[in-house]
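Each residue of the sequence shown is one higher than the last, beginning at 151 in our numbering. All C-beta atoms in this analysis are idealised placements derived from N, C-alpha and C, irrespective of residue type, glycine included. What follows is a set of notes on a single structure, which appears directly below.
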Amino acid sequence: MLSTEALKEINRALGKYPADQKQSAVMAALAIAQREHRWLSPEIIQFVADYLEMPAIAVQEVATFYTMYETTPVGQHKITLCTNLPCQLRDADATADYLKQKLGIDFNETTADGKFTLKEGECFGACGDAPVVLVNNQRMCSFMSHEKIDQLLAELSK
């Protein structure tokens, strides 16, 4: 279900906790699994649960509580726009409108070609850089003007 490299990463995460507390690595394991598969299918959630020796419902609860995890398929590039107050005060609404217009989709939708999914996110801790987008939960992009959005989309479209 997961590659040898992904399992090695999960094992490294497990090494940070006492042997009898494997469940402590659930967030890391889910992030690793999602990075490899883009989303957490029921089968992957079950696999992680079995690997960490915990109930699948407990893994499901974590996967559905945190917005960084996806339990439905997403595009190749998930773009999450912060819409908390500091970003709103620095034109996140206009940024959202521009992204929606450029991609032809709304929040929680994926482009027909499967390249992009647009999500609305909570604070990324970079309020001074607003508006901020996060690409695939790993790359933060700051001060997202229309020009910067065009550059980002062109780069990701390659």
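One or two residues paired with residue i in a DSSP bridge
i: C291; result: V283
i: K265; result: According to DSSP, K265 bridges with nothing at all.
i: T260; result: T267
Straight-line gap, residue i to residue j (C-alpha atoms, nearest Å)
i: P205; j: E211; result: 10 Å
i: A183; j: S191; result: 10 Å
i: V224; j: L268; result: 9 Å
i: Q173; j: I207; result: 12 Å
i: T261; j: D241; result: 24 Å
i: Y167; j: E297; result: 45 Å
i: N287; j: A156; result: 17 Å
i: G264; j: P281; result: 25 Å
i: M177; j: D256; result: 28 Å
i: Q171; j: A163; result: 12 Å
i: E272; j: W189; result: 19 Å
i: C277; j: I299; result: 18 Å
i: I160; j: T221; result: 19 Å
i: L303; j: Y216; result: 26 Å
Option nearest residue i by Cα separation, candidates the options
i: L284; options: G264, L249, V176; result: L249
i: S307; options: K252, F293, K158, L157; result: K252
i: L180; options: P168, Y167, G165, M218; result: M218
i: L152; options: A246, D170, H187, A163; result: H187
i: T245; options: E159, A304, M294; result: M294
i: E259; options: T233, I160, K228; result: K228
i: E305; options: G165, N161, F274, Q226; result: Q226
i: G275; options: T233, A213, G254, E193; result: T233
i: A213; options: L231, E203, T230, I194; result: I194
i: T230; options: Q301, K158, R289, V209; result: R289
i: E270; options: D279, D243, A175, G165; result: D243
Quiz item: Which runs of the alpha helix (DSSP H) fall wholly inside the stretch 168 to 241 and span at least 4 residues, in chain order?
Solution: 176 to 187, 192 to 202, 206 to 215, 235 to 238
Quiz item: Three or more beta-carbon pairs under 8 Å between the stretch 192 to 201 and the stretch 232 to 239, yes or no?
Solution: no
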